[in-house]
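Protein chains: 2
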Amino acid sequence: MSTALHTDHYELTMLQAALQSGAAYRRTVFEVFARHLPGGRRYGVVAGTGRVLDEIERFRFGDEELTFLREHQVVDEPTLAYLADYRFSGNIYGYREGDLYFPASPIMVVEGTFAEAVVLETIILSILNHDCAIASAASRMSNAAGARPLIEMGSRRTHESAAVAAARAAYIAGFNSTSNLMAGHLYGIPTAGTAAHAFTLLHDSEQEAFEAQIASLGPETTLLVDTYDVAEAVRTAVELAGPKLGAVRIDSGDLAAAAQEVREQLDALGAHHTRILVTSDLDEYAIAALAAAPVDAYGVGTSLVTGSGVPTAALVYKLVARDRATGRLEAVAKRSVGKPSRGGRKYAYRMMDAAGRATTELILTGAHESPENGVPLLHELVREGVVVGREPLSAARERHAAAVATLPQEALHLGRGYAAVPTEFS
Amino acid sequence: MSTALHTDHYELTMLQAALQSGAAYRRTVFEVFARHLPGGRRYGVVAGTGRVLDEIERFRFGDEELTFLREHQVVDEPTLAYLADYRFSGNIYGYREGDLYFPASPIMVVEGTFAEAVVLETIILSILNHDCAIASAASRMSNAAGARPLIEMGSRRTHESAAVAAARAAYIAGFNSTSNLMAGHLYGIPTAGTAAHAFTLLHDSEQEAFEAQIASLGPETTLLVDTYDVAEAVRTAVELAGPKLGAVRIDSGDLAAAAQEVREQLDALGAHHTRILVTSDLDEYAIAALAAAPVDAYGVGTSLVTGSGVPTAALVYKLVARDRATGRLEAVAKRSVGKPSRGGRKYAYRMMDAAGRATTELILTGAHESPENGVPLLHELVREGVVVGREPLSAARERHAAAVATLPQEALHLGRGYAAVPTEFS
Numbered sequence: 001m002s003t004a005l006h007t008d009h010y011e012l013t014m015l016q017a018a019l020q021s022g023a024a025y026r027r028t029v030f031e032v033f034a035r036h037l038p039g040g041r042r043y044g045v046v047a048g049t050g051r052v053l054d055e056i057e058r059f060r061f062g063d064e065e066l067t068f069l070r071e072h073q074v075v076d077e078p079t080l081a082y083l084a085d086y087r088f089s090g091n092i093y094g095y096r097e098g099d100l101y102f103p104a105s106p107i108m109v110v111e112g113t114f115a116e117a118v119v120l121e122t123i124i125l126s127i128l129n130h131d132c133a134i135a136s137a138a139s140r141m142s143n144a145a146g147a148r149p150l151i152e153m154g155s156r157r158t159h160e161s162a163a164v165a166a167a168r169a170a171y172i173a174g175f176n177s178t179s180n181l182m183a184g185h186l187y188g189i190p191t192a193g194t195a196a197h198a199f200t201l202l203h204d205s206e207q208e209a210f211e212a213q214i215a216s217l218g219p220e221t222t223l224l225v226d227t228y229d230v231a232e233a234v235r236t237a238v239e240l241a242g243p244k245l246g247a248v249r250i251d252s253g254d255l256a257a258a259a260q261e262v263r264e265q266l267d268a269l270g271a272h273h274t275r276i277l278v279t280s281d282l283d284e285y286a287i288a289a290l291a292a293a294p295v296d297a298y299g300v301g302t303s304l305v306t307g308s309g310v311p312t313a314a315l316v317y318k319l320v321a322r323d324r325a326t327g328r329l330e331a332v333a334k335r336s337v338g339k340p341s342r343g344g345r346k347y348a349y350r351m352m353d354a355a356g357r358a359t360t361e362l363i364l365t366g367a368h369e370s371p372e373n374g375v376p377l378l379h380e381l382v383r384e385g386v387v388v389g390r391e392p393l394s395a396a397r398e399r400h401a402a403a404v405a406t407l408p409q410e411a412l413h414l415g416r417g418y419a420a421v422p423t424e425f426s
Numbered sequence: 001m002s003t004a005l006h007t008d009h010y011e012l013t014m015l016q017a018a019l020q021s022g023a024a025y026r027r028t029v030f031e032v033f034a035r036h037l038p039g040g041r042r043y044g045v046v047a048g049t050g051r052v053l054d055e056i057e058r059f060r061f062g063d064e065e066l067t068f069l070r071e072h073q074v075v076d077e078p079t080l081a082y083l084a085d086y087r088f089s090g091n092i093y094g095y096r097e098g099d100l101y102f103p104a105s106p107i108m109v110v111e112g113t114f115a116e117a118v119v120l121e122t123i124i125l126s127i128l129n130h131d132c133a134i135a136s137a138a139s140r141m142s143n144a145a146g147a148r149p150l151i152e153m154g155s156r157r158t159h160e161s162a163a164v165a166a167a168r169a170a171y172i173a174g175f176n177s178t179s180n181l182m183a184g185h186l187y188g189i190p191t192a193g194t195a196a197h198a199f200t201l202l203h204d205s206e207q208e209a210f211e212a213q214i215a216s217l218g219p220e221t222t223l224l225v226d227t228y229d230v231a232e233a234v235r236t237a238v239e240l241a242g243p244k245l246g247a248v249r250i251d252s253g254d255l256a257a258a259a260q261e262v263r264e265q266l267d268a269l270g271a272h273h274t275r276i277l278v279t280s281d282l283d284e285y286a287i288a289a290l291a292a293a294p295v296d297a298y299g300v301g302t303s304l305v306t307g308s309g310v311p312t313a314a315l316v317y318k319l320v321a322r323d324r325a326t327g328r329l330e331a332v333a334k335r336s337v338g339k340p341s342r343g344g345r346k347y348a349y350r351m352m353d354a355a356g357r358a359t360t361e362l363i364l365t366g367a368h369e370s371p372e373n374g375v376p377l378l379h380e381l382v383r384e385g386v387v388v389g390r391e392p393l394s395a396a397r398e399r400h401a402a403a404v405a406t407l408p409q410e411a412l413h414l415g416r417g418y419a420a421v422p423t424e425f426s
């Protein structure tokens, strides 16, 4: 199905009025940026760019969409005629997926007529606000987890389609796998999972449940050991699976203390290679608090898919330039109290010091020379309506890890604070 | 596309192990409930039930899904064969959409074999956790707004598909319209919107922009007046549209003070019937604080689609009964520290006093007589695999308004607290 109706009503009424006044065909530049990083975060993570490219290609008004718009009198016939032929034919530049952003970073720049650019506002912001929020939270969790793997398992705590996008964003930001099969199917993300408490409760005893699971999934499986009594379950698990038991999962109680006890018990039983997976309302703070505990992997659900307190990224899509009768692009900006915008087409560079650390997010307006030691951040994504910036998800994941490594140390601090890299305008 | 892969990996590995052990065909009862109401909320709102019914009907493993599962070795061949024929053939009972719920309310009860019931966990929880969270927040906003209409306009702040579900949940809980065209198309919710700041900035002057909008959308339109200077914009707006101007929208600044000034100015200009719409990071608290201001309608975005601090409803899906060799259903419950479950098939009644106020959420286990003055809360939704509980969205919306009217007064208090109606087990 087309995504063209994933659009706010007012985009189309603006289009109608602009078609009638003639302003619809003015060239424009729209820019996606965040005025601030919500939640006192030190940096944001760009995610969703690849999904934006997919959706722009599918953004078409077919019979079904046009019939709805006509029957509900959303717009008039000339506007319907325009929409029937709608194809985005402009250019889009953007920060690459997995890269970092800071306040005012122009993470996406859309150039086209007003008509073709304005109608993309809602779909672009929906995708980027969601995916960047999830990736930004996931990155903090990845930092906190260090080398220990993270499994994304929050599907049940968010909208069914948002869950798939969340798994994708988490993978970019360092998660290793997801429970979500659709994310595996659509994006090739490794999927993982073995059993829930229901499986144990289904059988007449925990022993029967473990026997059934091992018989079917092999001794390398992960057994869930907290349905009744953890110590008894661990004993049963090793008895049945032997020292080749892959892992045990603990999903309740004080996870640090429980992991310590279970590790000692496993070692005493000779199951030195059996790993311990912990789950249960983990977030970046809980993960950090478990750094000294004998935990081998973390499963994260609710806090990941809800952005760990920041479920949306505060990104906006603003008109920053348009041409007028002269045919020259002219900067425009609103002056709304507390929410002013900064006019003009932007260019962005990340300034690096000799040691390869990011020092400044430099934002230039209009024609300029590339600054020395500045890494250009805007890349071509769409050229005259054709997607040219597609890349494999693995590239975004690798880029993210490399980008985090350029941050100053305080950027990894979990407490609230200011952006780790200051934004400067020139 | 089928929703069958909107499923956690472990549902299918459990299925595989249970098919091999034979336990897969045991009759089971799963129950959806919340251990608590997050965020100190006084009540929860049931939403998403209709979407669950739609998705269960579409929950099929076709060639595409089976090929993915086979190629990625998620499950073995006998399990794939089972999934190829998968049709839910059991019964589902639930609270009706728009109704209220409290801690432990069994808002959905799924009866079927373990195999057919367990694989529905993720899709059912995704839908209900999201939609109930949004509806619960929306209901508080509706209470705060009183008779003034609420427009849902948060699409750009959440995942593009979650946005459609959010508009639906908000409508159930009392919102009057949405900006989301897909929600209008799929669910018949009234859509609304006129123009953004970009439209004003596009034109060479605010006057030209207003002229263009009025020429196309008529004087009854809503003009956005805070792009530059509010007083000047209001003067221009009335000058161009005359006293028939439909409304002005204020999107920044101190909304109470701005609304007061604009009302006085409109009245002085003779535009007594021109309404004032306010938007800009409104939530239930901000709406309540504007009760005395001359505001005619509220537009709510971010806080609505993110559940106003509670983006997910903490609902879980637990096995509460299953049969064993005897063929008799037996209650089962886990004993996990801090997260115990309560076994047995539940029945729920809302106990009412003589004045029609809800006094208790009464939850009974197993066979029982219907209590006097108790309104039964569980209704048949699916009978032997066939959906029987579908209803128009308007029914849910009306039910919600009626249900809120039965709550004790303190339920409408916006501060954190305990559930407004206590849950009792018998």
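Residue numbers (the UniProt record's numbering), protein chains in the order written: chain E, 1 to 426; chain V, 1 to 426.
Glycine included, each C-beta is placed from N, C-alpha and C at the ideal position.
Would you give the residue range spanned by the beta strand (DSSP E) that His-9(E) belongs to?
Element bounds for His-9(E): not the beta strand (DSSP E) but the alpha helix (DSSP H), 9-21.
Is any beta-carbon of chain V found at less than 9 Å from that of residue 476(E)?
Absent from the structure is residue 476(E), since the part of chain E shown begins at 1 and ends at 426.
Is DSSP giving Met-141(V) helix, strand or coil here?
Helix, per DSSP.
Close Cβ partners of Glu-152(V) (< 6 Å) along its chain, the five nearest in sequence each way excluded
A distance below 6 Å between beta-carbons, with the five flanking residues on each side excluded, links Glu-152(V) to the following residues of its chain, in chain order: Ala-167, Ala-170, Phe-175, Thr-178, Leu-304.
Report the partner residues of Tyr-93(E) according to the DSSP bridge assignment.
Val-109(E), Glu-380(E)
Count the other C-beta atoms from every protein chain shown that fall within 10 angstroms of the C-beta of Phe-425(V), then say buried if there are 16 or more, exposed otherwise.
exposed
Could you pull the DSSP bridge partners for Glu-31(V) from this structure?
Per DSSP, Val-109(V), Lys-318(V).
Does Asp-63(E) come within less than 9 Å of chain V when only Cβ atoms are used?
no
Separation of Ala-4(V) from Val-45(V), as counted between CA atoms
26 Å
Let me make sure I understand the geometry here. Which of Leu-69(E), Arg-397(E), Arg-383(E) has the alpha-carbon closest to that of Arg-87(E)?
Arg-383(E)
Under a CB-based cut-off of 9 Å, is Asp-254(E) close to chain V?
Cβ-Cβ to chain V under 9 Å: yes for Asp-254(E).
Environment of Thr-28(V) [buried if 16+ CB atoms lie within 10 Å]
Classification for Thr-28(V): buried.
Decide if the region 123-131 of chain E is in contact with the region 154-163 of chain V; the criterion is three or more beta carbon pairs, one per stretch, under 8 Å apart.
Counting Cβ pairs under 8 Å, three or more are found: they touch.
Going by the CB atoms, is the gap between Leu-120(E) and Phe-59(E) shorter than 9 Å?
The answer is yes: Cβ separation under 9 Å.
Counting Cβ pairs closer than 8 Å, one from the region 352-370 of chain E and one from the region 4-13 of chain V, do we hit at least three?
The answer is no - the region 4-13 of chain V does not touch the region 352-370 of chain E, with fewer than three Cβ pairs under 8 Å.
CB contact check: Thr-406(E) to chain A, cutoff 9 Å:
Protein chains in the displayed structure are E and V, and chain A is not among them.
Cβ of Asn-180(E) less than 9 Å from any chain V Cβ?
yes
For Lys-339(V), write down the residues that DSSP places opposite it in a beta bridge.
The partner list for Lys-339(V) (beta bridge, DSSP) is empty, contrary to what the question assumes.
Are the beta-carbon atoms of Asp-226(E) and Ser-252(E) separated by less than 9 Å?
Cβ distance < 9 Å, so Asp-226(E) and Ser-252(E) count as in contact.
Using a 10 Å radius around the Cβ and a threshold of 16 neighbouring Cβ atoms, would you call Pro-311(E) buried or exposed?
Looking at its Cβ environment, which holds 16 or more other Cβ atoms inside 10 Å, Pro-311(E) is buried.
Proximal residues, the region 146-171 of chain E versus chain V, C-beta separation under 9 Å
Flagged, chain order: Met-153, Gly-154, Ser-155, Arg-156, Arg-157, Thr-158, His-159, Glu-160, Ser-161, Ala-162, Ala-163, Val-164, Ala-165, Ala-166.
For Val-421(V): DSSP bridge partner residues:
Beta-bridge pairing links Val-421(V) to no other residue.
Could you check the C-alpha separation between Leu-377(E) and Ser-394(E) for me, to the nearest Å?
Each residue's Cα considered, the two are about 19 Å apart.
Among His-413(V), Leu-12(V), His-379(V), which has the Cα closest to the Cα of Ala-84(V)?
Leu-12(V)
Between Val-230(V), Gly-366(V), Leu-15(V), which lies nearest to Leu-217(E) when the distance is taken from Cα to Cα?
Leu-15(V)
With distances taken from CA atoms, which of Arg-416(E), Ala-24(E), Leu-202(E), Gln-213(E) is nearest Ser-308(E)?
Arg-416(E)
Proximity test, Val-278(E) beta-carbon vs the ligand HEM heavy atom, cut-off 8 Å
In the structure shown, the ligand HEM is absent, as is every other ligand, since no ligand is present at all.
Do Tyr-25(V) and Ala-115(V) have their C-beta atoms closer together than 9 Å?
yes
So, for Glu-237(E): in the same chain, excluding its five sequence neighbours on each side, which residues have a beta-carbon less than 7 Å away from its beta-carbon?
According to the sequence shown, residue 237(E) is Ala rather than Glu. The residues are Phe-210, Leu-223, Val-225, Leu-245, Val-248.
Below-9 Å beta-carbon distance, His-413(E) vs any chain V residue:
no
If you draw a straight line from the alpha carbon of Ala-195(V) to that of Ile-92(E), how long is it in whole angstroms?
23 Å
Is it buried or exposed, Asp-131(V), if we count other Cβ atoms within 10 angstroms and call 16 or more buried?
buried
With DSSP as the reference, identify every bridge partner of Ile-276(V), one or two as the case may be.
Val-248(V)
Cβ neighbours of Ala-23(V) in the same chain (closer than 7 Å, five flanking residues each side left out):
Phe-114
Which residues of the region 15-27 of chain V have a Cβ closer than 9 Å to any Cβ of chain E? Give them in chain order.
Gln-16, Ala-17, Ala-18, Leu-19, Gln-20, Ser-21, Gly-22, Ala-23, Ala-24, Arg-26
What residues of chain E sit near Ser-126(V), judged by a beta carbon separation below 7 Å?
Ser-155, Arg-156, Thr-158, His-159, Glu-160, Ala-163
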